[in-house]
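J.:
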Amino acid sequence: MPVPTPHIAAKVGDFAKTVLMPGDPLRSKWIAETFLENPVLVNDVRGVQGYTGTWKGVPVSVMASGMGIPSIGIYSWELFNFFEVDNIIRVGSAGALHDDLNLMDVVAGQGACTDSNFAHQFNINGTFAPICDFTLLSKAVEAAKDNGVDLHVGNVLSADNFYNDGNDGPEQWKKMGVLAVEMEAAGLYMNAARAGKRALGIFTISDHFYKPEELTSAERQSSMRQMITIALDTAVKMAQL
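Heads up, the sequence shown is in the working numbering, so the first residue is 1 and it goes up one at a time.
(1) Relative to the C-alpha of G73, which residue among R194, T216, I230 is closest?
(2) With distances taken from CA atoms, which of L137, N125, P2, V48 is nearest S201?
(3) For Q172, name the three-state secondary structure that DSSP assigns.
(4) To the nearest angstrom, how far is the alpha carbon of K197 from that of L215?
(5) Cutting at 7 Å between CB atoms, please list the residues of its own chain near Q226, excluding the five before and the five after it.
(6) Taking only the alpha-carbon atoms, compute the straight-line gap between W173 and L157 and give it to the nearest angstrom.
(7) Under a Cβ-count criterion, where at least 16 other Cβ atoms within 10 Å of its own Cβ denotes burial, should Y210 be classed as buried or exposed?
(8) Give me, in chain order, the residues of the same chain whose beta-carbon lies closer than 8 Å to that of R46; leave out the 5 immediate sequence neighbours on both sides.
(9) Can you look up I8 in the DSSP assignment and give me helix, strand or coil?
(10) Sort L79, D86, G95, K139 by Cα distance to I205 and report the nearest one.
(11) In its own chain, which residues sit with a C-beta less than 7 Å from the C-beta of A231, not counting the 5 before and 5 after it?
(12) Using a 10 Å radius around the Cβ and a threshold of 16 neighbouring Cβ atoms, would you call N191 buried or exposed?
(13) Does the separation of the CB atoms of N155 and V178 fall below 8 Å?
(14) Indicate whether V40 and T52 have their beta-carbon atoms separated by less than 8 Å.
(15) Alpha carbons only, please: which of K139, I131, T18, F118 is nearest the one belonging to D160?
(16) For P59, I'd like the list of residues in its chain whose CB is within less than 7 Å of its CB, leaving aside the five on either flank, ordered along the chain.
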């Protein structure tokens, strides 16, 4: 596919080797303006804002993915395959299932279960298990320790539906040890596997399925500094390999 693509109006080289990928375009803008030095807008097609700047002297990009696996499937595929991006770190919110998780806790998705049919396109004669890249995960664990953050590592669920009909589906995933629910990581992990690249999902707990508490939309957008700092420091560690 020629560059620019229908979804990303940038040139090869406009993106750093590591891209942070929140779902919300406004969160992408907030991350760039709050954390990056000299951020430059490199994409704004359909309002999906992408920026490149530096963090601790290392080039880092941030671009939104939109909501759901189909959306992150488009943007991550193009970044990996057409813009020479090597690492994508999803930074988003998640709803907790595990009893020991609380609001603002940070979770890394070692694996990403899903109820999506996204893997069907790869014509695999079996069930593919989407997992993150171990090097990215190990560097994120180091970065969390450096920042004094207790990073919870385990399985997450990438669900196709935000709303459900009140069935006991979440309870069944909880019984299997799944920590939290989000909507994108499994698709990202599959695209990374197919492209031979690296991916990781890091999440801030914004609500809990079994506790009456949740962050406001404003807090979701701008109160996730620990998660963002871990992701940015992970990008620095990857550049030092």
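The C-beta atom is built at its ideal place from N, Cα and C for all residues, glycine as well. Given the structure is predicted, the values throughout are model-derived calculations rather than measurements.
T.: From the atom records:
(1) R194
(2) At residue 201 the sequence reads Gly, which differs from the Ser that was named. Among L137, N125, P2, V48, the Cα nearest to that of G201 is on L137.
(3) helix
(4) 33 Å
(5) V106, N147, V149
(6) 8 Å
(7) exposed
(8) H7
(9) coil
(10) G95
(11) L20, I89, V91, I202
(12) buried
(13) yes
(14) yes
(15) F118
(16) A16, T52
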